[in-house]
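Down below is the structure, laid out as structure tokens.
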Amino acid sequence: MEVAGVKVESTHPGRSLWDLVERRADMSPGALLATDELGRRLTFAAYRDRCRTLAVELAARGVRGGDVVSWQMPTWLESLVLTGALDFLRTIQNPLLPQLRAREVGFIVSEVAASWYIHPGTWRGYDYSALGSRLVDDVVPSLGTIEIGRPHLPERDGEVVAPVATGRDERTDHWYFYTSGTTGVPKGVRHGHESVAAATSSMCAGMQIVADDHSVVAFPFTHIGGINWLMASLMTGCSLLVVESFAAPETMDLIAGEPVTLAGVTTAFHLAYLAEQRERGPDRPLLPRVRAYPGGAAPKPRTLQQDLVETVGGVGIISGFGLTEFPMITMNSIDDPASSRAISEGRPSPGVEVAIVGADGRECGPGEDGEICARGPHRMSGYVDASLDEAVFDADGFFHTGDLGHLDPDGFLVVTGRLKDVIVRKGENISAREVEELIFSHPDVADVAVVGLPDGERGELVCAAVTVVAGRSVDFDRIVSHLRDLEVMSQKFPERVVVVDELPRNDSGKIVKSELRDRLVDRGGTT
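Letter by letter, the sequence shown follows residues 223 to 749 of the numbering used here.
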């Protein structure tokens, strides 16, 4: 794998996404940008041309520079082309997760004052066109709606002269992303090109991405991580395998048939790769060319790193820590010690400062847990609802993440939980994250989430929901016995263990603990 000649280009942020599109098309016109499960292929030059052609179509419909465009599209090649076309037109883009419905979408298009709503028509049984009509009737009467179904990769018919784009100042917001809302109402996050590009550069550097790499993008492209991966391809020349739905039965065979070198992107995906390889056995490799597993957005069990290396291959998970508000605060590197990569989320990214702040406001020392705070070039401009800014920014410009962790003596960030992911039992604080790590180390546990359930005597009790490795079984007694063998204090033992078929996750792979908690309360947390 050649690295020479790539590193300088990989760190170039460009002035805009469209600037990156043109740079890469000039440098690598015939190289592959992306392929999909339908076998379609887009080179960098073809991508540029299709973006320009779609921009002409959108401009003919009335889309103009400076317009806020809300678009709710699946992980399709069409979505990548739409992103480029909208940036060429200098719109402000508001990508929406496909699982959002009328209540959430109505709130968002109203809050961002959207001029346009772009959708895929009917997808996975849901009529987005009808949703668009409801938005016009009930929320934003002036809203324009446009359908882009699949296939729709417009070809050039001769020389296309795209409209001159004006209206968006390159120094202002380019993006309105909305948080995935695992613990509350989604919040609108404002980003300029510079912050998203800086985060992407950190990701590329940590994983040492080069043009020979082929990365799986099988999560919602409308998440900020989707835009990061499109930018990573444009910065480095790497290619993307764009998959509409990771849950589809044929997904693993598709991945096995592609020259995948980077298999991400969250713990749920990594667990699925591991389970699939165990099912296939050593004679049927799932990822024969894999070199690393991009990670982030969800906690990773400590034993998963070595399990992947030994069973599937590669160097293991290269994870980072961040939020929609501040992506890639820290990032591991392939060159970091395996022992650090297994338990940490890496060191602060270039230009980023991390401070660990205790409940009393003082800065914590190495190994001492506190709230993770950060400032630097990746940080959002602010929330769409500016009244929310005061609660997360301090006087020194640090963003308060709401996550707990510490820096080890070598400067690696270890995330230990969330401020609100603490179970209070008989007045004692219990870290759900710590109990999850302990239970996951049981060889028969495939995945686990720990939540607090209301209890009249204790205030809250500890309930562990587990999924089980195929062909194995676990119950309450086995989990408690395992924790005793680990010589864990009994206060950390769960009062209840519930075996479930799957844990509720959003399309970004995060466990939705509020939904899990509601389910367990409804069923009484039965062991």
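From the three backbone atoms N, C-alpha and C, an ideal C-beta is built for every residue, glycine too.
Should the region 366-380 be called in touch with the region 321-330, which here means at least 3 C-beta pairs below 8 Å?
Flag = no, the region 366-380 and the region 321-330 do not touch.
By Cβ distance below 6 Å, which residues in the same chain neighbour His396 in space, the five residues on each side in sequence not counted?
The answer, listed in chain order, is Gly414 and His415.
Quick check on the burial criterion: 16 or more other C-beta atoms within 10 angstroms. Buried or exposed for Lys522?
Buried.
Beta-carbon spacing of Gly287, Arg312 below 8 Å
Between Gly287 and Arg312, the CB-CB gap stays under 8 Å.
Figure out for me which residue from Asp729, Val721, Arg680 and Glu612 has the closest Cα to the Cα of Arg741.
Put simply, of Asp729, Val721, Arg680 and Glu612 the residue whose alpha carbon is nearest the alpha carbon of Arg741 is Val721.
Range of the contiguous alpha helix (DSSP H) that encloses Trp240
For Trp240, the enclosing alpha helix (DSSP H) has its first and last residue at Leu239 to Met249.
By the three-class DSSP mapping on this structure, what secondary structure does Ser232 have?
Note on Ser232: pLDDT 45, under 50, position unreliable in the model; the coordinate value appears next. If DSSP states are grouped into helix, strand and coil, Ser232 belongs with the helices.
At the level of alpha carbons, what is the spacing between Leu725 and His492?
Spanning the two alpha carbons is a distance of roughly 15 Å.
Range covered by the beta strand (DSSP E) that runs through Ala686
Taken as a continuous stretch (DSSP letters only), the beta strand (DSSP E) holding Ala686 covers Gly681 to Val690.
Identify whether Thr275 lies in helix, strand or coil by the three-state DSSP scheme.
It is helical.
Would you identify the three-state DSSP class for Lys735, choosing helix, strand or coil?
DSSP, reduced to helix, strand and coil, places Lys735 within a helical segment of the structure shown.
DSSP three-state call for Asn316: helix, strand or coil?
Asn316: strand per DSSP, three-state reduction.
If I'm right that Ala654 touches Val636 with Cβ under 8 Å, what's the distance once you round it to whole angstroms?
The pair is not a contact, with the Cβ atoms about 16 Å apart (cut-off 8 Å).
Taking DSSP as the reference, what is the three-state secondary structure of Trp345?
It is a strand residue.
Buried/exposed call for Gly583, threshold 16 Cβ in 10 Å:
With fewer than 16 Cβ atoms within 10 Å of its Cβ, Gly583 is classed as exposed.
Any idea what DSSP makes of Thr404, helix, strand or coil?
For Thr404, the pLDDT reaches just 45, beneath the cut-off of 50, and the residue's location in the model is therefore unreliable, although a value from the coordinates is still provided. Of the three classes helix, strand and coil, the one that applies to Thr404 here is coil, per DSSP.
With 16 other CB atoms within 10 Å as the buried threshold, where does Gly592 fall?
Answer is buried; the Cβ neighbour count reaches 16.
Outcome for Gln315 when other beta-carbon atoms lying within 10 angstroms are tallied against a minimum of 16
By the neighbour-count criterion, in which a residue is buried when 16 or more other Cβ atoms sit within 10 angstroms of its Cβ, Gln315 is buried.
So what does DSSP say about Thr394, is it helix, strand or coil?
Thr394: coil per DSSP, three-state reduction.
Along the chain, where does the beta strand (DSSP E) containing Cys460 start, and where does it finish?
Looking at the DSSP string, Cys460 is not in any beta strand (DSSP E), and its letter there is neither H nor E.
Thr405 to Gly354 span [Cα, whole Å]
Note that Thr405 scores 44 on pLDDT, short of 50, meaning its location in the model is unreliable; the coordinates nonetheless yield the value given after this. Cα-Cα distance, rounded: 27 Å.
When burial is assigned at 16 or more other CB atoms within 10 Å of the CB, is Val465 buried or exposed?
Under this definition Val465 is a buried residue.
Pull up the distance between the alpha-carbon of Gly252 and that of Glu659, whole angstroms please.
Those two C-alpha atoms are separated by around 46 Å.
Which first and last residues belong to the alpha helix (DSSP H) in which Ser351 is found?
That run of the alpha helix (DSSP H) goes Tyr350 to Asp360.
Val657 vs Ala687 beta-carbon contact at 8 Å
Ala687 is positioned such that its CB atom lies no closer than 8 Å to that of Val657.
Alpha carbon of His664 to alpha carbon of Gly448, nearest angstrom
If you take the alpha carbons of His664 and Gly448, they lie about 33 Å apart.
Distance, Leu452 Cα to Tyr348 Cα:
In a straight line, the C-alpha of Tyr348 is about 26 Å away from that of Leu452.
Between which two residues does the beta strand (DSSP E) holding Ser571 run?
First-last for Ser571: undefined, no H or E at that position.
Count the other CB atoms within 10 Å of the CB of Ser695; is the residue buried (16 or more) or exposed (fewer)?
Within a 10 Å sphere around the beta-carbon of Ser695 sit fewer than 16 other beta-carbons, which makes this residue exposed.
Tell me whether the region 675-685 and the region 697-711 touch, counting them as touching only if at least three CB pairs, one residue from each stretch, are closer than 8 Å.
Under the three-pair Cβ rule at 8 Å, the region 675-685 does not count as touching the region 697-711.
Classify Ile556 as helix, strand or coil using the three-state DSSP reduction.
In the structure shown, Ile556 sits in coil (DSSP, three-state: anything other than H, G, I, E or B).
CB of Gly517 within 8 Å of CB of Thr488, strictly:
The criterion of a C-beta distance shorter than 8 Å is satisfied by Gly517 and Thr488.
In terms of alpha-carbon separation, which member of Cys273, Gly261 and Arg524 lies closest to Ser562?
Of the listed residues, the one whose Cα sits closest to Ser562 is Arg524.
Using beta-carbon positions only, say whether Arg295 and Ile370 come within less than 8 Å of one another.
The sequence shown places Met at residue 295, rather than the Arg named in the question. Yes, the pair counts as a contact, with Cβ atoms nearer than the cut-off.
Using alpha carbons as the reference points, say which of Glu547, Arg569, Ile551 and Gly486 lies closest to Tyr605.
Ranking Glu547, Arg569, Ile551 and Gly486 by CA distance to the CA of Tyr605 puts Glu547 first.
Helix, strand or coil for Met295? Go by DSSP, reduced to three states.
Under the three-state reduction of DSSP output, Met295 falls in the coil class, being neither helix nor strand.
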